[in-house]
Amino acid sequence: MKIRFDTGDAQQPRSFDHPIRVICAASPSALPNALAALDAALSQGHWIAGYASYEMGYALEPRLNAAMPEKRQWPLLCFGVYKGPTARRPVSTTAHRAAQLGAFTPQWQFDEYEKAFSTIQHYIAAGDIYQANLTFGLTAEFQGSVARLFDDLSAYQAVKHGALVEQEDGRAIISRSPELFFRTDASGQIETRPMKGTQPRGITKPEDQKRLNYLQSDPKNRAENLMIVDLLRNDISRICEAGSVKVPSLYRVETYATVHQMTSQVLGQLRKDQTLSDIFKALFPCGSITGAPKLRAMQILRDLEPEPREIYCGTIGWAAPDGSSEFNVAIRSLMIDNQSVQLNVGGGVVYDSDAASEYEEALWKARFATTFQKTAD
Numbered sequence: 000m001k002i003r004f005d006t007g008d009a010q011q012p013r014s015f016d017h018p019i020r021v022i023c024a025a026s027p028s029a030l031p032n033a034l035a036a037l038d039a040a041l042s043q044g045h046w047i048a049g050y051a052s053y054e055m056g057y058a059l060e061p062r063l064n065a066a067m068p069e070k071r072q073w074p075l076l077c078f079g080v081y082k083g084p085t086a087r088r089p090v091s092t093t094a095h096r097a098a099q100l101g102a103f104t105p106q107w108q109f110d111e112y113e114k115a116f117s118t119i120q121h122y123i124a125a126g127d128i129y130q131a132n133l134t135f136g137l138t139a140e141f142q143g144s145v146a147r148l149f150d151d152l153s154a155y156q157a158v159k160h161g162a163l164v165e166q167e168d169g170r171a172i173i174s175r176s177p178e179l180f181f182r183t184d185a186s187g188q189i190e191t192r193p194m195k196g197t198q199p200r201g202i203t204k205p206e207d208q209k210r211l212n213y214l215q216s217d218p219k220n221r222a223e224n225l226m227i228v229d230l231l232r233n234d235i236s237r238i239c240e241a242g243s244v245k246v247p248s249l250y251r252v253e254t255y256a257t258v259h260q261m262t263s264q265v266l267g268q269l270r271k272d273q274t275l276s277d278i279f280k281a282l283f284p285c286g287s288i289t290g291a292p293k294l295r296a297m298q299i300l301r302d303l304e305p306e307p308r309e310i311y312c313g314t315i316g317w318a319a320p321d322g323s324s325e326f327n328v329a330i331r332s333l334m335i336d337n338q339s340v341q342l343n344v345g346g347g348v349v350y351d352s353d354a355a356s357e358y359e360e361a362l363w364k365a366r367f368a369t370t371f372q373k374t375a376d
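So, in structure tokens, the structure goes:
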């Protein structure tokens, strides 16, 4: 299991290769022991790096256990245990090869999306939820080197929370995520940066600035962002010292190659007895990709979305024995299995959302990959 993290800074790579062992949980019954094994590895002075699927959230919350999909392709959790990271890249057996990514086909056409969208708005009008993050998949064919494709995507658009996971079974994950799930430091501070609110980049500089200004001041996007900030504040408070949770930054707009994104920052001081598994149990999955209230939104989305999200909307990250860690929200992520690629997209739906606009925005979020549908050697 080889993992490379990309922070957008070429001077600070962090890679993991040659694990001492690999800890995986393929089923809900295996998850408690796997989480305990991660905590034990950290307490023994090892590093861990890997991923957790979105569906792990169903296993962590007893009220969601029955929602676990029967047919899943990826484990709920899979981490390597390592002596430590390295600044060099893991050696890829396919790095010398070209990468060719075919055209993506949405699994939902607009009429199918609109039907699910309308159902969510019905639940919102009835007072069941305030927001739900509706998602759907796109599929494509792939040939060549995943390492090469990761490098090409990295060169095109820098992100702070990218990752490449290459498994022994040949499957791989390419994540070009701009969103931090949570970060901890050795002093016990925890930070999360929920991302909610998107605008496509403009073609001209004046148009681009106009779109940025619109996102910065739009009441709808601000309201969506604030809902998720409140949700994350509540989640983090379950594992933090009383009174330590703060929101030092609200409605900050970050710019990427294809979109502008609105983010906010939530900080807290972890209680001294909290482990990595405690953090997962309190926060996972990230509220920015579920909705609010979180539990009810997840129940509704499970009924509407036809396929498991798998790695999408889960997390990829690392943790060190001194208590520091960093995990992304696994959006903008390609799940590669042999010659098949799955890429999921989505967005938050609120009462005054427009179905056509939300569907178009979701497809825009795939442009980071569709730009590279043909990558030649």
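In terms of numbering that gives the first Met the number 0, the sequence shown is residues 0 to 376. From the three backbone atoms N, C-alpha and C, an ideal C-beta is built for every residue, glycine too.
- Residue 190 sits in a strand when the DSSP states are folded into three classes.
- Distance from the CA atom of residue 170 to the CA atom of residue 335, rounded to whole angstroms, is 6 Å.
- Judged by DSSP secondary structure, residue 317 falls within the beta strand (DSSP E) whose first and last residues are 314-318.
- In summary, residue 35 is exposed, with fewer than 16 beta-carbon neighbours lying within 10 Å of its beta-carbon over all protein chains present.
- Following the DSSP letters along the chain, one finds residue 147 inside the alpha helix (DSSP H) bounded by residues 145-155.
- When only Cα atoms are considered, residue 325 and residue 354 end up about 34 Å apart.
- The beta strand (DSSP E) runs lying completely inside the segment 288-364 and spanning 3 residues or more are 314-318, 324-327, 332-336 and 339-348, given in chain order.
- Shown here for residue 5: same chain residues with a beta carbon closer than 6 Å to its own, the five before and five after excluded, namely 153 and 161 in chain order.
- Within the segment 53-115, the complete beta strand (DSSP E) segments of 3 residues or longer fall at 76-81 and 98-100, listed in chain order.
- Annotated three-state conformation of residue 278 is helix, per DSSP.
- For the pair of segments examined, the segment 162-181 was found to touch the segment 333-352: the number of CB pairs separated by less than 8 Å reaches three.
- DSSP places residue 21 in the uninterrupted beta strand (DSSP E) bounded by 20-24.
- Bounds of the alpha helix (DSSP H) holding residue 369 are 366-369.
- Taking residue 236 as the centre and dropping the five residues before and after it, the same chain places the C-beta of 244 closer than 6 Å to its C-beta, in chain order.
- Each residue's CA atom was taken as its position, placing residue 256 and residue 58 some 36 Å apart.
- Boundaries of the alpha helix (DSSP H) around residue 226: 218-236.
- It is roughly 42 Å from the alpha-carbon of residue 105 to the alpha-carbon of residue 39.
- If you compare the alpha carbons of 208, 194, 274 and 238 with that of residue 222, the shortest gap goes to 194.
- Shortest Cα-Cα distance from residue 345 to any of 357, 21, 351 and 250 involves 357.
- Restricting attention to 323, 280 and 341, the CA atom closest to the CA of residue 42 is found in 323.
- For residue 171, the enclosing beta strand (DSSP E) has its first and last residue at 171-176.
- Around residue 251, the same chain offers 261, 262, 263 and 264 as residues with beta carbons nearer than 8 Å, after the five sequence neighbours per side are excluded.
- The Cβ neighbour count for residue 350, taken over all protein chains shown within 10 Å, is under 16; the residue is labelled exposed.
- Counting along the chain, residue 5 sits inside the beta strand (DSSP E) bounded by residues 1-5.
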